[in-house]
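Colleague: Below you will find the structure I want to go over with you.
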Amino acid sequence: MAQAAKRTDFLHTQVRAMARRGAIPHAVILSGSGDREDAARFLAAAALCRSESDKPCLQCPACRKVLGGIHPDVRFVRDTEHRELPMDLVRSLRQDVYIRPNEEERKVYVFPDCEQLNERDQNVLLKVVEEGPPYAVFVFCTATAAALLPTVRSRCVEWKLRGDEVSPADELSDTLCRLFARRELLPAAEFLVEQENRHVKRERLELLLENAWQICAAALLSAGKDAPSVPDTDAAALLRRNLSPATLQKLADRLRYYAAQCRYNVGVGHILGALCADWDALLHEGGKRRKDCSSL
Ligand SMILES: [Zn+2]
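When we follow the working numbering, the leftmost residue of the sequence shown carries the number 42, and every step to the right adds one.
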């Protein structure tokens, strides 16, 4: 299942680093055995995200629409009725691409199954990829890049997804979020102290906190009344059930903040201690509000 929290380090690092530099390639092949559609959505969110810093933020209107599959500037090009895409569909794309984006600066075309693109289609697309407007981004999803013509491949950046691998940081993030969902200080505090005792590296901690932030973001997204339904992990479901949206939002903000701190020269021990103190404060706020509510 598509799970925000279980995206590989690879995708995180590559997409976020490129988005940070404003350098998302205009043509990408997502190959390999991972969840390619999920990766394509993540990439599309990064291309369209309105956040000033971390893209995709997974919280702005653009990200929410992309993840919910309802963004007018992201088009998944497929035909479930036929083995190959109908010629008219590919031809119509050639015109569609010159219509400016509706809401964002960019427009993303995702081909979730490149096996559906025959040679003729690929040659039509090649022209669009080569000569299309600068705002257009093309994402080709395929188990193997060999499904695409060498001429198309040579115009694209290829990212290989590593399948179901879950990095230790992903597992740790999942554990940390489950501990936060218990709404107690001690379990999460012990976990954070343990990381310090293990001398976790700053890069490792950044990934751990960033993944935990994404789990919170996934929980928040699915908690909103009008939010599009997005896949979430069990940890996200637990957070959503046990924490108020306000607490969840603050926790997400803190995790994001401390993940960013890891990029600067802030000590790991300091970050872990500060996060622990913030969690204590958040629990107190939550407790106070619950008491206030019960006395009404
Ligand atoms: Zn965003």
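We put the beta carbon where it would ideally sit given N, CA and C, even for glycine.
1) Looking at C-alpha atoms only, which residue of 104, 174, 193 and 147 is the closest neighbour of residue 161?
2) Below 8 Å, how does it come out for the segment 135 to 144 and the segment 57 to 66: are there three or more Cβ pairs, yes or no?
3) What residues sit near ligand 1, counting only those whose C-beta is closer than 7 Å to one of its heavy atoms, in chain order?
4) Quick check on DSSP: helix, strand or coil for residue 91?
5) Can you list, in chain order, the residues of its chain whose CB lies under 7 Å from that of residue 213, leaving out five sequence neighbours each side?
6) Take residue 301 as the anchor and find which of 245, 288, 261 and 323 has the nearest alpha-carbon.
7) Going by DSSP, what residues sit across from residue 200 in a beta bridge?
8) Is there a Cβ from chain C that is less than 8 Å from the Cβ of residue 246?
9) Any idea what DSSP makes of residue 271, helix, strand or coil?
10) Specify, as a first and last residue, the run of the alpha helix (DSSP H) that residue 295 falls within.
11) In chain order, what residues of the same chain lie with their CB nearer than 7 Å to the CB of residue 234, ignoring the 5 residues before and after it?
12) Which of helix, strand or coil does DSSP assign to residue 148?
13) Once DSSP output is grouped into helix, strand and coil, what is the label at residue 48?
14) Alpha carbon to alpha carbon, what distance is there between residue 163 and residue 190?
15) Which one or two residues does DSSP pair with residue 177 in a beta bridge?
16) Taking the alpha carbon of residue 103 as the point to measure from, which residue in 147, 225 and 167 has its own alpha carbon closest?
17) Who does residue 182 pair with in a DSSP beta bridge?
18) Can you tell me which of the three DSSP states residue 194 falls into?
19) Quick check on residue 131: does DSSP put it in helix, strand or coil?
20) Rounding to the nearest angstrom, what Cα-Cα distance links residue 215 and residue 144 in this structure?
21) Looking only at DSSP bridge pairs, what is residue 107 linked to?
22) Taking just the CA atoms, how far does residue 202 sit from residue 165?
23) Tell me whether residue 169 sits in a helix, a strand or coil according to DSSP, three-state version.
24) Residue 295 and residue 321: beta carbons closer than 8 Å?
Modeller: In short:
1) From the listed residues 104, 174, 193 and 147, the smallest Cα separation to residue 161 is found for 193.
2) Result no; under three Cβ-Cβ pairs closer than 8 Å.
3) Spelled out in chain order, the answer is 86, 90, 91, 92, 96, 97, 98, 99, 100, 101, 103 and 104.
4) Coil at residue 91, not helix or strand.
5) Only 249 meet the Cβ criterion.
6) If we check each option's Cα against that of residue 301, 245 comes out closest.
7) For residue 200, which the question treats as bridged, DSSP gives the partners 71.
8) Within the model displayed, chain C is absent; a lone protein chain is all it includes.
9) With a pLDDT of 49 at residue 271, under the threshold of 50, the modelled position of that residue is not reliable, and no figure is offered here.
10) First-last of the alpha helix (DSSP H) with residue 295: 286 to 302.
11) Cβ neighbours of residue 234 within its own chain (closer than 7 Å, five residues either side excluded): none.
12) Strand at residue 148.
13) With a pLDDT of 45 at residue 48, under the threshold of 50, the predicted position of this residue should be treated as unreliable, though the coordinate-derived value follows. Correct three-state label for residue 48: coil.
14) Residue 190 and residue 163 have their C-alpha atoms roughly 7 Å apart.
15) In DSSP, residue 177 forms a bridge with 148.
16) If you compare the alpha carbons of 147, 225 and 167 with that of residue 103, the shortest gap goes to 147.
17) Per DSSP, the beta bridge partners of residue 182 are 71.
18) In the three-state reduction of the DSSP assignment, residue 194 falls in the helix class, which pools H, G and I.
19) In this structure, residue 131 counts as helix in the three-state DSSP scheme.
20) If you take the alpha carbons of residue 215 and residue 144, they lie about 34 Å apart.
21) Beta bridge pairing from DSSP links residue 107 with no other residue.
22) About 27 Å.
23) Helix, per DSSP.
24) By the CB criterion at 8 Å, residue 295 and residue 321 fall outside the cutoff.
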